[in-house]
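Remarks on the structure that follows.
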Amino acid sequence: MVLNSHLTTQEQIINPIERPQVTHDLSENIILTTVDDLYNWARLSSLWPLLFGTACCFIEFAALIGSRFDFDRFGLIPRSSPRQADLIITAGTITMKMAPQLVRLYEQMPEPKYVIAMGACTITGGMFSVDSPTAVRGVDKLIPVDVYLPGCPPRPEAIIDAIIKLRKKIANDSIQERANIKQVHRYYSTTHNLKPVEQILTGKYLQSETRFTPPKELVEAIGIPVPPALITAKTQKEEQKRG
Amino acid sequence: MAEEESLVKAGVVSQWLADNGFEHEFIEPDVQGVETIKVQPEFLLPIATALYAYGFNYLQFQCGADLGPGRDLVSVYHLIKVSDNADKPAEVRVKVFLPRENPRVPSVYWIWKAADWQERESYDMYGIIYEGHPNLKRILMPEDWVGWPLRKDYISPDFYELQDAY
């Protein structure tokens, strides 16, 4: 070994025997911070999103949860209960039928809470904004949105970008200003004149009596005494009674 | 009209129905050559039962259609014969044309159970009333929705949530 022969005697690089020198400089042992910064750092490092997905955007969001993109490294742990969540990512189209549930989930989340509108559907209605009879045009008509994340659907990297932007926003929050930001004034709300109708999802869908006996007129029109489908229905009913 | 009908050769199923005295009308097959039969709503159930007995044991789909503002609504049934190792099973499409003002047609739920949710969807979107259906309620739209969204003359309500986002 001609090349490093001059190193061998004096400079031992590998495995030094003496203890590593801990610096005694003040600047490296004491952290000076504000309560705001510490509080915000703790909050933005454990941003727990609600597991909420209504359409194809959630497929990308689910890819983000997986090991390839791994959003646990941002401290994001998906929560299945709105009571434990800080963040809701509206992944997918919100329809008029889903809107009340979304607002209820948002209202059940504890303050401070954040919203990322993910995908074209929740920003403007996306491809449904032309002629859909029921797609809500922009989820910001229902709940206040902090970050708009465009794409149809956005890639997992884009969601990471949105979360980093949200972290920056959280880092700028101040406890002193919190009193000025009231949820009441953060989003538009309209009063619908709703007429309550009878609930159609009663939970007795398969047990209803109409499911086992066809109307008399239909039996006559079919022309045969017992239609084949009815025979299976009767056996199913008997099985249910036995079970 | 009679000449046109004579030019179009009636299909196998249509011929069988005619031989057995079921009143129907043979209309032009679709681009894939699937035999299409037009049936009056009052004869739908006897003909459907006959087709079931003839071997059409599987309702592949049921759907609705709107021919345009002021024109008829259509309830469509696509039937095939399912068997073991079936290769190109026989198909037939049954269409029922219904007046827009009072679209009522008997339910085929009691013959093919697959019609359950599909007839509910046709009811939800077009307002076609399937008489004798066990649970004819809206399936996609909210239960208190007014109007039939897929009709060509449907006008979307001016809700704040449905207005364009700028």
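Line by line, the protein sequences give chains A and B.
When we follow the numbering used here, the leftmost residue of the first sequence carries the number 201, and every step to the right adds one.
When we follow the numbering used here, the leftmost residue of the second sequence carries the number 5, and every step to the right adds one.
Ideal placement from N, C-alpha and C gives every residue a C-beta, glycine not left out.
- Excluding five sequence positions before and after residue 337 of chain A, the CB atoms of its chain that fall closer than 7 Å to its own CB belong to 324, 325 and 329, given in chain order.
- Against residue 158 of chain B, the close residues of chain A are 333, in the order they occur along the chain (beta-carbon pairs closer than 8 Å).
- Identification of chain B residues near residue 418 of chain A by a Cβ-Cβ cut-off of 8 Å yields 49, 110, 111, 114, 135 and 136, ordered along the chain.
- With a threshold of 8 Å between beta carbons, residue 27 of chain B makes no contact with chain A.
- Judged by their CB atoms, residue 70 of chain B and residue 77 of chain B are nearer to each other than the 8 Å cut-off.
- Shown here, residue 295 of chain A sits in a strand according to DSSP, grouped into three states.
- Remark: C-beta atoms of residue 42 of chain B and residue 59 of chain B do not approach each other more closely than 8 Å.
- The three-state reading of DSSP puts residue 41 of chain B in strand, counting E and B together.
- Contacts with chain A at 8 Å (Cβ-Cβ) do not include residue 45 of chain B.
- Apart from the 5 residues on each side of it in sequence, residue 72 of chain B sits with its Cβ closer than 8 Å to the Cβ of 156 in its chain, given in chain order.
- Listed along chain B are 164 and 165, each with a C-beta nearer than 7 Å to that of residue 341 of chain A.
- According to DSSP, residue pairing for residue 66 of chain B in a beta bridge involves B/81.
- Under the three-state reduction of DSSP output, residue 290 of chain A falls in the strand class.
- Under the 10 Å beta carbon count, residue 124 of chain B is surrounded by 16 or more other beta carbons and is classified as buried.
- For residue 129 of chain B, there is no enclosing beta strand (DSSP E); the enclosing alpha helix (DSSP H) has its first and last residue at 119-130.
- DSSP places residue 317 of chain A in no alpha helix (DSSP H) but in the uninterrupted beta strand (DSSP E) bounded by 314-318.
- For residue 28 of chain B, the closest C-alpha among the options B/45, B/121, B/36 and B/56 is that of B/45.
- DSSP places residue 416 of chain A in the helix class (H, G or I) of the three-state scheme.
- By the C-beta criterion, the segment 302-318 of chain A is judged not to be in contact with the segment 397-407 of chain A, since fewer than 3 inter-stretch pairs fall below 8 Å.
- DSSP places residue 29 of chain B in the uninterrupted beta strand (DSSP E) bounded by 29-31.
- Going by DSSP, residue 17 of chain B is part of no beta strand (DSSP E) but of the alpha helix (DSSP H) stretching over 16-23.
- Using a Cβ distance threshold of 8 Å, residue 56 of chain B and residue 66 of chain B do not count as a contacting pair.
- Approximately 5 Å separates the beta-carbon atoms of residue 349 of chain A and residue 318 of chain A; this is inside 8 Å, confirming the contact.
- With respect to chain A, the C-beta atom of residue 69 of chain B has no partner C-beta closer than 8 Å.
- Identification of chain B residues near residue 359 of chain A by a Cβ-Cβ cut-off of 7 Å yields none; the smallest Cβ-Cβ distance measures about 21 Å.
- The Cβ atoms of residue 107 of chain B and residue 74 of chain B do not sit closer than 8 Å to each other.
- Counting only the Cα atoms, residue 395 of chain A lies some 49 Å from residue 238 of chain A.
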